[in-house]
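In UniProt numbering, the protein residues as written are 1 to 253. Don't be surprised by glycine CBs; every beta carbon is placed ideally from N, CA and C. Everything numeric in this text was worked out from a predicted model, so none of it was measured. Heads up, the thing below is written out as structure tokens.
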């Protein structure tokens, strides 16, 4: 697993990234697997596959009023729209954003070193941690695997150390099976991650668990590889208002 990070220095660089990172995102139709004709999922996950994340991300202090929408478009193609929106929406930019960005750098580095089965990305003034659902859960299950609990324990340690953040946990599926089944499964998986982190001491008021079924694909659902990428849990870490105020006042540097 590698940590991905980049500092954008101009709108030209942003435009170039947009061209290189754009991903085809078909509308989820529920027809990605023609063998699925009932509400039963064929969510057969594969493990051991090289995890793919964004090839480039932005650092704190870069996203401002002028570039936020463009950067949001870039990262929205590599993660769910709500995750991208949360990161862009929480950004303050300028010197305050740079301070938050440095703090996020440290947190992301610690996460990258400690977790074996997650992809850690520094995006804007936030962090995105992407877990392949095939590693976290058995097929059609929301019960965490032993490997998942180990990584979430490491995540919880870091979240407790850096307490000035809000955490959004999102469950996503591929488009095989019914919407109702996938919606429930995505919600239960996100909640399982939140519940386990809470038992390890992470303040529940910091966490939001949400499920989006197959509405936010990051890859092509018509291929097995694409469906495997779409079955995931994303953990989004963003600065809360207290941290923003501390950075703005100079309390943290």
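Notebook entry, point to check: Starting from residue 239 and walking both ways along the beta strand (DSSP E), at which residues does that stretch end?
Noted result: The residue you call residue 239 lines up with position 239 of the chain shown. Taken as a continuous stretch (DSSP letters only), the beta strand (DSSP E) holding residue 239 covers 232-239.
Check: Apart from the five residues on each side of it in sequence, which residues of its chain come closer than 8 Å, Cβ to Cβ, to residue 231?
Finding: In the chain shown, residue 231 corresponds to position 231, counting from 1. Cβ-Cβ distances below 8 Å link residue 231 to 43, 45, 132, 133, 134, 172, 173 and 174 in the same chain, with the five nearest sequence neighbours on each side left out; the list follows chain order.
Next item on the list: Indicate the three-state DSSP secondary structure (helix, strand or coil) for residue 176 in the structure shown.
Entry: Residue 176 sits at position 176 when you count from the first residue of the chain shown. Secondary structure of residue 176 (DSSP, three-state): coil.
Notebook entry, point to check: Is residue 92 helix, strand or coil by DSSP?
Noted result: Here residue 92 is taken as the residue at index 92 of the chain shown, counted from 1. Of the three classes helix, strand and coil, the one that applies to residue 92 here is coil, per DSSP.
Margin query: Less than 7 Å between C-beta atoms, sequence neighbours within five positions excluded: which residues of the same chain meet that for residue 38?
Written below: The residue you call residue 38 lines up with position 38 of the chain shown. Confidence at residue 38 is low in this model, with a pLDDT of 40, below 50, so its placement is unreliable and the value that follows should be read with caution. So the list is empty, once near-sequence residues are dropped.
Check: For the 8 Å Cβ check, are there 3 or more pairs between the region 157-166 and the region 193-204?
Finding: Taking a contact to require three or more Cβ pairs closer than 8 Å, the region 157-166 and the region 193-204 qualify as touching.
Checklist line | Three-pair Cβ contact test at 8 Å for the region 141-158 versus the region 217-229 | finding: Taking a contact to require three or more Cβ pairs closer than 8 Å, the region 141-158 and the region 217-229 do not qualify as touching.
Notebook entry, point to check: For the putative contact between residue 148 and residue 125, defined by C-beta atoms under 8 Å, what is the C-beta separation to the nearest angstrom?
Noted result: For this step, residue 148 is matched to residue 148 along the chain shown. For this step, residue 125 is matched to residue 125 along the chain shown. About 27 Å separates the two Cβ atoms, so there is no contact after all.
Item checked: residue 208 (DSSP reduced to helix, strand or coil) -> Against the chain shown, residue 208 aligns to sequence position 208. If DSSP states are grouped into helix, strand and coil, residue 208 belongs with the strands.
Check: So, residue 166 versus residue 206, is the Cβ gap smaller than 7 Å?
Finding: By 1-based counting over the chain shown, the position of residue 166 is 166. By 1-based counting over the chain shown, the position of residue 206 is 206. Their beta carbons are under 7 Å apart, which means residue 166 touches residue 206 by this criterion.
Notebook entry, point to check: Just the Cα atoms here: how many angstroms apart are residue 85 and residue 187?
Noted result: Taking the chain shown and counting its residues from 1, one reaches residue 85 at position 85. Taking the chain shown and counting its residues from 1, one reaches residue 187 at position 187. When rounded, the separation of the alpha-carbon atoms in residue 85 and residue 187 is 19 Å.
Check: For residue 144, which of helix, strand or coil comes out of DSSP?
Finding: Position 144 of the chain shown, counted from the start, is the residue given in the question as residue 144. In this structure, DSSP gives residue 144 an extended state, which the three-state scheme calls strand.
Next item on the list: Put residue 85 into one of helix, strand or coil per three-state DSSP.
Entry: For the purposes of this step, residue 85 is taken as residue 85 along the chain shown, with counting starting at 1. If DSSP states are grouped into helix, strand and coil, residue 85 belongs with the helices.
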